[in-house]
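Residue 15 in UniProt numbering sits at position 15 of the sequence shown, and the numbers go up by one each step. This report refers to the structure that appears directly beneath it.
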Amino acid sequence: YFSLLSHMLEVYPEKVAQLNPDAFGHIVASLDFGIHQQ
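In structure tokens:
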């Protein structure tokens, strides 16, 4: 999951920048969860 998310953020940074704040917040929360579970 985190590899997919990382790939999407690298390949489509312009799409991520256009996300609404709620959707972007979900991505950040998911990354935060992954970082703290290592």
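Even for Gly, the Cβ is constructed at its ideal location relative to N, Cα and C. All of these numbers come straight from a predicted model, not from anything done at the bench.
Item: Give me, in chain order, the residues of the same chain whose beta-carbon lies closer than 8 Å to that of F24; leave out the 5 immediate sequence neighbours on both sides.; Value: V16
Item: Beta-carbon within less than 7 Å of Y30's beta-carbon, same chain only, minus the 5 sequence neighbours each way: which residues are those?; Value: First, the amino acid is wrong: residue 30 is Ser here, not Tyr. Excluding residues within five positions, the ones whose Cβ falls inside 7 Å are L5.
Item: Within a Cβ cutoff of 7 Å, which residues of the same chain sit near G34, ignoring the five residues on either side of it in sequence?; Value: F2
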